[in-house]
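Q: Quick one: this structure, given as structure tokens, is what I'll be asking you about.
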Amino acid sequence: MKFPIASSALLFFAATAEAFAPSVPSPRFGTSLQASVEDTVKTSDADSSVTKDPLLIRAARGEKVERTPVWMMRQAGRHIAEYRELCKEYPTFRQRSEIPDVAVEVSLQPWRNYQTDGCILFSDILTPLPGMGVEFEIDEKVGPVVEPMRTWESIKKVRFRASC
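Structural data, given as structure tokens:
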């Protein structure tokens, strides 16, 4: 499988960047994704057990499963009242995708409402950039706006983990 140079560079930068770490954690959300999944597994159908892997995982491994697993892409959104309320407190997309507790909460809302077999982590492909020293903004009308790197000096300013 061939990737264009730009895609390869993005994958390289994303793989070597330190993740965005907010300076102030959000105490509002005490629920972790793992705890929510464990609670659901423990209280699910009689044919399921705590030790049995989730349907989506078994299907992804190619195992024969009792039914096709279901999950939703682009699952967070305006159709969920809790999401609209959360947007009042965290009005920017970056806040909702970069503050870990908020991103987990946004991810779990549709999962709780629809009880799908999978949960898509609410995030963005650009999330690692600030941790690398590459700032960007999301313009509501245009989308992501990143200052272009046109010189070797600007490329040298990009931070990478020493362990890479």
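Residue numbers for the sequence shown, in mature numbering (1 follows the signal peptide of the UniProt record, and there is no 0): -19 to -1, 1 to 145. Just so you know, even glycine gets a beta-carbon here, dropped at the ideal spot from N, CA and C.
1) For residue 113 versus residue 75, is the C-beta distance shorter than 8 Å?
2) Residue 77 and residue 85: beta carbons closer than 8 Å?
3) Could you tell me if residue 80 is buried or exposed, where buried requires 16 or more neighbouring beta carbons within 10 angstroms of its beta carbon?
4) Within the stretch 58 to 137, note down every full beta strand (DSSP E) run reaching 3 residues or more, in order along the chain.
5) Can you tell me whether DSSP reads residue 42 as helix, strand or coil?
6) Assuming residue 97 contacts residue 52 under a Cβ cut-off of 8 Å, what Cβ separation, rounded to an integer in Å, is found between them?
7) Assuming the contact rule is C-beta atoms closer than 8 Å, residue 50 and residue 36 should be a hit. Round their C-beta distance to whole Å, please.
8) For residue 102, count neighbouring Cβ atoms within 10 angstroms of its own Cβ and tell me buried if that reaches 16, exposed if not.
9) Rounding to the nearest angstrom, what Cα-Cα distance links residue 135 and residue 104 in this structure?
10) Go through its chain and collect everything with a Cβ distance to residue 59's Cβ below 8 Å, but skip five positions before and after it.
11) Among 132, 87, 125, 42, which residue has its Cα nearest to the Cα of residue 100?
12) Under the rule that 16 or more other beta-carbon atoms within 10 Å means buried, what is residue 95, buried or exposed?
13) Are residue 117 and residue 125 close, meaning C-beta to C-beta below 8 Å?
A: According to the structure shown:
1) Stepping through the sequence shown from its first residue, residue 113 is reached at position 132. Stepping through the sequence shown from its first residue, residue 75 is reached at position 94. No, these two residues do not count as a Cβ contact at 8 Å.
2) Within the sequence shown, numbered from 1, the residue matching residue 77 stands at position 96. Within the sequence shown, numbered from 1, the residue matching residue 85 stands at position 104. Against a cut-off of 8 Å, the Cβ pair of residue 85 and residue 77 comes out as no contact.
3) Position 99 of the sequence shown, counting from 1, holds the residue named residue 80. The residue is buried, with at least 16 neighbouring Cβ atoms inside 10 Å.
4) 117 to 120, 124 to 127
5) Residue numbering aside, residue 42 sits at position 61 when the sequence shown is read from its first letter. Three-state DSSP puts residue 42 in coil, outside helix and strand.
6) Taking the first residue of the sequence shown as 1, we reach residue 97 at position 116. Taking the first residue of the sequence shown as 1, we reach residue 52 at position 71. Indeed, because the Cβ distance is near 5 Å, the residues count as touching under 8 Å.
7) As a first step, residue 50 must be located in the sequence shown, where it is residue number 69. As a first step, residue 36 must be located in the sequence shown, where it is residue number 55. About 5 Å separates the two Cβ atoms, so the contact holds.
8) If you number the sequence shown from 1, residue 102 lands on position 121. That one is exposed.
9) Sequence index remark: in the sequence shown, residue 135 carries index 154 (1-based). Sequence index remark: in the sequence shown, residue 104 carries index 123 (1-based). Cα to Cα, the separation comes out at about 26 Å.
10) For the purposes of this step, residue 59 is identified with residue 78 of the sequence shown, where counting begins at 1. If we look at residue 59 and ignore the five residues flanking it on each side, its Cβ neighbours are 65.
11) Indexing the sequence shown from 1 puts residue 100 at position 119. Cα-wise, what sits closest to residue 100 is 87.
12) For the purposes of this step, residue 95 is taken as residue 114 along the sequence shown, with counting starting at 1. Its Cβ having fewer than 16 others within 10 Å, residue 95 is exposed.
13) For the purposes of this step, residue 117 is taken as residue 136 along the sequence shown, with counting starting at 1. For the purposes of this step, residue 125 is taken as residue 144 along the sequence shown, with counting starting at 1. Yes, the Cβ-Cβ distance between residue 117 and residue 125 is below 8 Å.
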